[in-house]
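Peer 1:
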Amino acid sequence: MKKIIITSLISLMLATNVSADTDGENNLSKKNSGEVKDCFESVNRATFKFNQVLDGVIFEPIAKAYRVLPSPVRAGTGNALDNLSTLVTIPNNILQGEFKKAGVNTGRFIVNTTVGIVGIFDVAEKIGFSEYEKEDYGQTLGVMGVGPGCYLILPVLGPSTIRDTAGSFANILGGDAWYNVTVANDTQHFSEFDYYASRVGSGIDFRAKNIDSFENLEKNSMDFYASVRSLYLQDRQQKIANSNAITETQNDSDWEEIETQ
Amino acid sequence: MRLKKFLIFTFIIINFVGINQSYSIEPDVFVQSTVNRASEALNNKYSKEEKIEKLKQIASETVDINGIGYYTLGVYRKNISDNEINQYEMLFEQYFLKSFSSRLAEYSNPEIEVVSKKKLNENYTMVSSVLVGTEQRPEVKIDWRIYTKNAGNPLIRDLIIEGLSLARTQKEEFSSIIQSNDGDINALFSTLKEFIK
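Here the protein sequences come in this chain order: A and B.
With the working numbering as the guide, the letters of the first sequence map in order to residues 60 to 320.
With the working numbering as the guide, the letters of the second sequence map in order to residues 26 to 222.
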């Protein structure tokens with residue numbers, strides 16, 4: 060029953076997504092994060108403010124306390140959480156046709172979980188595995204040509220788009236092996252707490268790694284909401300393009316018109 | 026007399042060509058030298074105010090502030106009067122220098138290494154670098170869009186940090202401010218004035 064409700068919800072979101080993109084063009088090809096519509100801006104701004112208050116009261120203080128921990132402890136925690144995320148990355152590598160990367164990431168998971176003691180040590184990197192790049196179902200939908208739809212701010216979770224939110228439902232529909240062994244099935248080895256602790260841990264780890272950048276951005280922004288929206292959409296665009304080549308994701312046309320010399 | 030004029034003319038031409046050649050600066054060398062200057066300015070022997078002043082000086086010499094300002098204004102630059110453009114240029118310069126220097130002044134002794142460069146066309150070269158990681162933060166990739174129309178005076182037009190363009194972020198922020206105020210450019214001017222205070 061739960062699965063039927065979630066599937067219906069995803070279908071509805073993707074249908075809304077299609078109608079939100081009525082110009083029929085692929086936003087990725089436009090290479091401009093500004094093309095994503097902020098259809099619910101007033102609600103989004105209100106949710107953004109709510110999240111900022113929540114962040115100030117809960118997440119930022121916890122992230123600051125977390126940063127006081129010794130560097131090896133933080134690095135180990137970050138590595139273990141990254142290791143769990145490979146369980147979502149691998150199926151997405153396959154869905155995107157990146158079979159070689161899926162193989163490499165499977166090897167990485169096996170090595171780090173065993174030799175690296177549940178992922179605390181990134182042994183795979185030390186023995187020459189290529190740099191780890193996370194993938195998720197939102198990115199896979201993007202690669203398949205699904206447009207981002209409207210921009211969304213989710214309570215607590217923060218910036219997203221209709222496509223990315225729909226994609227994240229795949230995790231609880233069987234697309235995340237970690238969710239399957241903790242929440243979806245009673246395996247006797249793990250509990251629901253393990254899953255939710257890992258999710259909260261990932262949030263705090265991310266917040267702690269970016270604490271200075273966020274503070275700096277907030278202090279120097281005239282419209283912090285708009286800055287975060289721009290950065291989130293640029294980041295997603297880059298991740299979907301799966302490209303490290305900056306020139307492939309930057310739009311040059313606007314620059315070409317500007318002559319100052 | 027004619028010979029004297031000819032010699033002077035020849036001398037000027039030779040010097041002009043010579044100067045042009047000797048002053049052609051490679052974009053990667055330009056970035057590394059700018060970064061070295063900024064690192065020196067961020068040395069902890071200076072107070073925060075001194076750091077800010079030094080950074081402002083470096084930015085005025087190495088960044089195409091007007092170019093970034095026009096880019097940041099996006100489509101709106103085509104619909105405003107010369108007077109408004111002049112006012113915007115003045116406000117943007119003050120905004121940029123304040124925002125830029127205050128963003129950078131938080132860092133101390135950043136170590137940036139230039140890795141490679143890619144010429145996009147006659148006007149632009151992208152220089153890739155990395156901000157070396159520390160215990161507090163991981164390594165960060167920084168790409169620099171260098172305006173090379175005048176090869177003797179390359180200028181920075183954008184910083185792309187881990188794939189995120191600062192100029193584009195600023196452009197979308199400005200656009201949001203104008204749109205939230207029914208397309209009134211004066212709303213942007215007021216916000217800039219408030220920020221500069």
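Glycine included, every Cβ here is placed at the ideal spot set by N, Cα and C.
Helix, strand or coil, according to DSSP, for L71/A in the structure here?
Peer 2: The sequence position of residue 71/A within the first sequence is 12, counting from 1. Residue confidence is low: L71/A scores 45 on pLDDT, short of 50, so the model does not pin down where it sits. Its coordinate-derived value is still stated next. If DSSP states are grouped into helix, strand and coil, L71/A belongs with the helices.
Peer 1: Who are the Cβ neighbours of F188/A in its own chain at under 8 Å, not counting the five residues just before and after it?
Peer 2: The residue labelled residue 188/A in the question sits at position 129 within the first sequence. Residues V163, G166, R167 and V170 of the same chain have their beta carbon placed closer than 8 Å to that of F188/A, with the five preceding and five following residues left out of the count.
Peer 1: Determine the extent of the beta strand (DSSP E) in which I137/B is found, giving its start and end residues.
Peer 2: The sequence position of residue 137/B within the second sequence is 112, counting from 1. In the DSSP assignment, I137/B falls within the beta strand (DSSP E) that extends over I137 to K144.
Peer 1: If we require 3 or more residues per run, which beta strand (DSSP E) segments fall completely within the stretch 172 to 210 of chain B?
Peer 2: 180 to 186
Peer 1: Taking Cβ to Cβ, would you say Y96/B is nearer than 7 Å to D282/A?
Peer 2: Here residue 96/B corresponds to residue number 71 of the second sequence, with the count starting at 1. Here residue 282/A corresponds to residue number 223 of the first sequence, with the count starting at 1. Not in contact: Y96/B and D282/A (Cβ atoms no closer than 7 Å).
Peer 1: Just verifying my parser: in three-state terms, what is the DSSP assignment at Y132/B?
Peer 2: Reading the second sequence from its first residue, position 107 is the one you call residue 132/B. The answer is coil: DSSP assigns Y132/B none of H, G, I, E or B.
Peer 1: Over the uninterrupted alpha helix (DSSP H) stretch that includes I149/A, give me the two end residues.
Peer 2: Taking the first residue of the first sequence as position 1, residue 149/A is located at position 90. Element bounds for I149/A: S130 to L154.
Peer 1: Apart from the five residues on each side of it in sequence, which residues of its chain come closer than 7 Å, Cβ to Cβ, to N211/B?
Peer 2: As a working mapping, residue 211/B is identified with position 186 in the second sequence. For N211/B, where only same-chain residues beyond five positions count, there are no Cβ hits under 7 Å.
Peer 1: Please check the pair V202/A and Q155/A, which I expect to be a contact at CB under 8 Å, by giving their CB distance rounded to whole angstroms.
Peer 2: Within the first sequence, the letter at position 143 stands for residue 202/A. Within the first sequence, the letter at position 96 stands for residue 155/A. Indeed they touch by this definition, with Cβ atoms about 5 Å apart.
Peer 1: Express the C-alpha separation of D53/B and E78/B in angstroms, rounding to a whole number.
Peer 2: Against the second sequence, residue 78/B aligns to sequence position 53. Against the second sequence, residue 53/B aligns to sequence position 28. A direct Cα-Cα distance of roughly 25 Å separates E78/B from D53/B.
Peer 1: The stretch 117 to 134 of chain A: which residues have C-beta closer than 7 Å to a C-beta of chain C, in chain order?
Peer 2: Within the model displayed, chain C is absent; protein chains A and B are what it includes.
Peer 1: Beta-carbon within less than 6 Å of I137/B's beta-carbon, same chain only, minus the 5 sequence neighbours each way: which residues are those?
Peer 2: On the second sequence, position 112 is the one that residue 137/B refers to. So the list reads V60, S154 and L156, once near-sequence residues are dropped.
Peer 1: Of all the options E109/B, D183/B, L145/B and G158/B, which has the alpha carbon lying nearest to the alpha carbon of W169/B?
Peer 2: Reading the second sequence from its first residue, position 144 is the one you call residue 169/B. Nearest option by C-alpha distance: D183/B.
Peer 1: Would you decide whether Y255/A is buried or exposed? Buried here means 16 or more other CB atoms lie within 10 Å of its CB.
Peer 2: The residue you call residue 255/A lines up with position 196 of the first sequence. Exposed, because fewer than 16 other Cβ atoms sit within 10 Å of the Cβ of Y255/A.
Peer 1: Under DSSP, the alpha helix (DSSP H) around I121/A begins and ends at which residues?
Peer 2: Locating residue 121/A in the first sequence gives position 62, counting from the first residue. Taken as a continuous stretch (DSSP letters only), the alpha helix (DSSP H) holding I121/A covers E119 to V127.
Peer 1: I'd like the list of long-range same chain contacts for I179/A, defined as Cβ closer than 7 Å, with 5 residues on each side in sequence excluded.
Peer 2: Taking the first sequence and counting its residues from 1, the one referred to as residue 179/A is at position 120. Result list for I179/A: G135, N138 and A139, in chain order.
Peer 1: D82/A by DSSP, collapsed to three states: which one?
Peer 2: By one-based count along the first sequence, residue 82/A stands at place 23. At D82/A the pLDDT is 38, less than 50, meaning the model places this residue with poor confidence; the figure from the coordinates comes in the next sentence. In the structure shown, D82/A sits in coil (DSSP, three-state: anything other than H, G, I, E or B).
Peer 1: Between A130/B and K196/B, is the Cβ-Cβ spacing less than 7 Å?
Peer 2: For this step, residue 130/B is matched to residue 105 along the second sequence. For this step, residue 196/B is matched to residue 171 along the second sequence. No, Cβ-Cβ distance for A130/B and K196/B is not below 7 Å.
Peer 1: Quick one: what's Y120/B bridged to in DSSP?
Peer 2: For the purposes of this step, residue 120/B is taken as residue 95 along the second sequence, with counting starting at 1. Per DSSP, none; premise fails for Y120/B.
Peer 1: Are the stretch 106 to 121 of chain B and the stretch 138 to 149 of chain B touching by the rule of at least three beta carbon pairs closer than 8 Å?
Peer 2: They do not touch, by the three-pair rule.
Peer 1: Out of curiosity, what's the CA-to-CA distance linking I231/A and Y238/A?
Peer 2: Taking the first residue of the first sequence as position 1, residue 231/A is located at position 172. Taking the first residue of the first sequence as position 1, residue 238/A is located at position 179. I231/A and Y238/A: Cα-Cα distance of roughly 7 Å.
Peer 1: Could you check whether the Cβ of A285/A sits closer than 7 Å to any Cβ belonging to chain B?
Peer 2: Numbered from its first residue, the first sequence carries residue 285/A at position 226. Judged by the 7 Å Cβ criterion, A285/A is in contact with chain B.
Peer 1: Measure the CB-CB distance between V102/A and Y210/A and report whether it falls below 7 Å.
Peer 2: Here residue 102/A refers to the residue found at position 43 of the first sequence. Here residue 210/A refers to the residue found at position 151 of the first sequence. No, the pair does not count as a contact, with Cβ atoms beyond the cut-off.
Peer 1: If L146/A sits next to A236/A, beta carbons under 8 Å apart, how far is it from one beta carbon to the other, in whole angstroms?
Peer 2: Taking the first sequence and counting its residues from 1, one reaches residue 146/A at position 87. Taking the first sequence and counting its residues from 1, one reaches residue 236/A at position 177. Contact holds; Cβ gap of about 4 Å.
Peer 1: Whose C-beta lies closer than 7 Å to the C-beta of Q57/B among residues of the same chain, with five residues either side of it excluded?
Peer 2: As a position in the second sequence, residue 57/B is number 32, starting the count at 1. Within the same chain, Q57/B has close Cβ partners V139.
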